[in-house]
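Under the working numbering, residues 620 to 1006 are what the sequence shown spells out, in order.
Think of the CB as a built atom: it goes at the ideal place given N, C-alpha and C, for glycine as much as any other residue.
Notes for the one structure printed next.
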Amino acid sequence: MKLGIEDISLATTSLVLDLDEVAAAQGADPDKFRIGIGQDSMSIPAPDEDVVTLGAQAAQRVLHGQDLSAIRTVLFATESGVDQSKSAGVYMHRLLGLNPNARVIEFKQACYSGTGALQLALALVARNPEQKVLVVAADIARYDAGSSGEPTQGAAAVAMLISATPDVLAIEPVSGLYTQDIMDFWRPNYRSTAIVDGRYSIKAYLDSVKQSWRDYRAQGGHELSEFDHFCYHQPFTRQAVKGHATLAREGGVDAETRDAQLEHTLDYNRVLGNSYTASLYVGLLSLLDSSPDDLTGHRIGFFSYGSGAVGELFAGVVQPGYRTRSHRTEHRAAIDGRTPIDYARYFELHERPDDVDGGDHPRERGTTGPFRFAGVRDHGRVYEPTS
Ligand code: CAA
């Protein structure tokens, strides 16, 4: 029995900031961002956008035409959670009119948790192939303004329908795993921006690539030359390039194969920025949407990394139906349709104070998406459709 992704789609925010604006504000050479970290722009949330509205927007597309009663589990992966107790997925569940006879849970382990949710979804479907599981990975990456992490912000959500009829990608059972307790990137409860030891985080990521690969091979996984493509968690696209150079050395493939395996997987991230839990799957969509070739039967490798730190390396094979499930046009429209803002507007949005206690605190309108965060009323977050 094949298990995997039946449908997959992404959403991003309504605003975008060109990294030349950040370079000018920081007094940096724009090439440091465009070439050195491999990023051109980053998605910025409008005042009434958050992970719930982004997640719901992505999920709406993969739910179109589905029998919603088959979806009995909803897994929401994020490290930009909106509440310490209630799952962001429960708000989304109502907005989407999902089956009340379902379980809804939020997952957290930095940028890794989308993969954790995907693996649990596969196990649930293996137990009952009649069921489908909705997995949503959504994040808004936030570092302090003026910090070295600032140009590596961004935002996106990816929704995946996991089932025993995987029209897009059949996921293979072997995984390479690696966990170590380190402080490379984290966000204490009292902060809305991450703390990062930048150079150390890059080293920790590359170490995790190596160790996850070694475990993958020890578990009986394929040789590197058997992969047509490789998708990475992309805090910035150059990190994926560094990751794959490390893997190519471990796996013994030549430079031509190495470069071909990464082709088309970086295009979306370069303009969206880091989307934490979603970014690995943004890489998959970038490949599926951008490659001119028929990818049917191609094996794709995936490296998922969540600081702190957990790594997982696994593989999937593209299925004959993947083109019938394509949302390429909508993805391009979402990316190209973002409104450019200047550094001053970005800074104003970035420095807006956190939501305050009690009372009625409506949010300024701004999203072009189908759902909005209307504000806080009596400590509760209020979400509504935009039309
Ligand atoms: N032209 C071309 N390249 C230039 C350049 C120029 N004018 N100026 C600098 N560069 C290059 C540098 O040589 C460097 O490349 P190498 O790494 O290949 O040497 C690159 O641009 C970046 O320059 P610096 O190292 O000087 O940049 P920095 O110290 O200001 O910040 C960063 C870089 C550490 C990645 C920082 O952006 C950061 O902290 N980002 C957040 C942390 C992060 O994303 N870590 C990734 C691993 S952790 C993870 O994956 C989880 C997650 O999602 C966060």
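{"Query": "Could you pull out every residue in the same chain whose Cβ sits closer than 8 Å to the Cβ of GLU640, ignoring the five residues on either side in sequence?", "Result": "ASP961, TYR962 and TYR965"}
{"Query": "Could you check the C-alpha separation between LEU715 and GLN853 for me, to the nearest Å?", "Result": "29 Å"}
{"Query": "Among SER898, ASP912 and ILE919, which has the Cα closest to the Cα of LEU881?", "Result": "ILE919"}
{"Query": "Should SER633 be counted as a contact of the ligand CAA given a C-beta to heavy atom distance under 7 Å?", "Result": "no"}
{"Query": "Where does LYS751 sit, in a helix, a strand or coil, going by DSSP?", "Result": "strand"}
{"Query": "Quick check: does the Cβ of PHE966 come within less than 7 Å of any heavy atom belonging to the ligand CAA?", "Result": "no"}
{"Query": "Count the other CB atoms, across all protein chains shown, that sit within 10 Å of the CB of LYS751; report buried if there are 16 or more and exposed otherwise.", "Result": "buried"}
{"Query": "Under three-state DSSP, which class holds ILE960?", "Result": "coil"}
{"Query": "Assuming ALA760 and ALA774 make a contact with CB atoms under 8 Å, what is their CB distance in whole Å?", "Result": "7 Å"}
{"Query": "How should ALA711 be labelled, buried or exposed, when 16 other C-beta atoms within 10 angstroms of its C-beta is the threshold for buried?", "Result": "The amino acid occupying residue 711 in the given sequence is Met; Ala does not appear at that position. Label assigned to MET711: buried."}
{"Query": "Please classify THR1005 as buried or exposed, where buried requires at least 16 other C-beta atoms within 10 Å of its C-beta.", "Result": "exposed"}
{"Query": "Thinking just about the alpha-carbon of each residue, which of SER660, ASP826, ASP976 and VAL828 is nearest to the one in ARG1000?", "Result": "ASP976"}
{"Query": "Along the chain, where does the alpha helix (DSSP H) that runs through LEU712 open and close?", "Result": "In the sequence as displayed, the identity of residue 712 is His instead of Leu. Note, HIS712: alpha helix (DSSP H), 707-714."}
{"Query": "Quick test of your reading: THR986 and ASP758, contact by CB under 8 Å. State the CB separation rounded to the nearest angstrom.", "Result": "About 17 Å; that fails the 8 Å criterion."}
{"Query": "Note the first and the last residue of the continuous alpha helix (DSSP H) segment covering THR948.", "Result": "947-955"}
{"Query": "Measuring alpha carbon to alpha carbon, tell me which residue in LYS621, ILE627, ALA630 and LEU634 is nearest LEU968.", "Result": "LEU634"}
{"Query": "Bridge partners for PRO981 per DSSP, in chain order?", "Result": "GLY994"}
{"Query": "Expressed to the nearest angstrom, what Euclidean distance is found between the alpha-carbon atoms of VAL937 and ARG996?", "Result": "45 Å"}
{"Query": "Could you tell me if ARG818 is buried or exposed, where buried requires 16 or more neighbouring beta carbons within 10 angstroms of its beta carbon?", "Result": "exposed"}
{"Query": "For PRO939, which residues from the same chain have a beta carbon less than 7 Å from its beta carbon, with the 5 sequence-adjacent residues on both sides left out?", "Result": "THR915"}
{"Query": "Considering only the beta carbon of each residue, do PHE804 and SER926 sit closer than 8 Å?", "Result": "yes"}
{"Query": "Please report the residue range of the beta strand (DSSP E) in which LEU932 lies.", "Result": "929-937"}
{"Query": "Is the separation between the beta-carbon of ALA707 and that of VAL681 shorter than 8 Å?", "Result": "no"}
{"Query": "Kindly indicate the opening and closing residues of the alpha helix (DSSP H) around TYR819.", "Result": "817-837"}
{"Query": "Check PHE855 in the structure and name its three-state DSSP category.", "Result": "coil"}
{"Query": "When DSSP labels each residue in this structure, what does ARG722 get in the three-state scheme?", "Result": "strand"}
{"Query": "For ALA696, report the span of its beta strand (DSSP E) as first-last.", "Result": "690-696"}
{"Query": "Please confirm if the segment 814-834 is in contact with the segment 787-800, defined as three or more CB-CB distances below 8 Å between the two stretches.", "Result": "yes"}
{"Query": "Nearest-angstrom Cα distance between ALA837 and ALA934?", "Result": "15 Å"}
{"Query": "Check whether the Cβ of ARG818 lies closer than 7 Å to any heavy atom of the ligand CAA, and answer yes or no.", "Result": "yes"}
{"Query": "Using 8 Å as the threshold, is the segment 737-750 in touch with the segment 620-633, meaning 3 or more CB pairs across them?", "Result": "yes"}
{"Query": "Using only the alpha-carbon positions, how far apart do THR948 and ARG982 sit?", "Result": "30 Å"}
{"Query": "Hey, PHE922 and LEU932 are a contact pair by Cβ (cut 8 Å); roughly how many whole angstroms apart?", "Result": "5 Å"}
{"Query": "Assign TYR895 to one of three DSSP states: helix, strand, or coil.", "Result": "helix"}
{"Query": "Rounded to whole angstroms, what's the CA-CA distance from SER608 to ALA778? Just pull it up for me.", "Result": "What the structure shows of the chain is the stretch from 620 to 1006, and residue 608 is not part of that stretch, so it cannot be assessed."}
{"Query": "Are at least three pairs of beta-carbons, each pair with one atom in the segment 892-910 and one in the segment 696-703, less than 8 Å apart?", "Result": "yes"}
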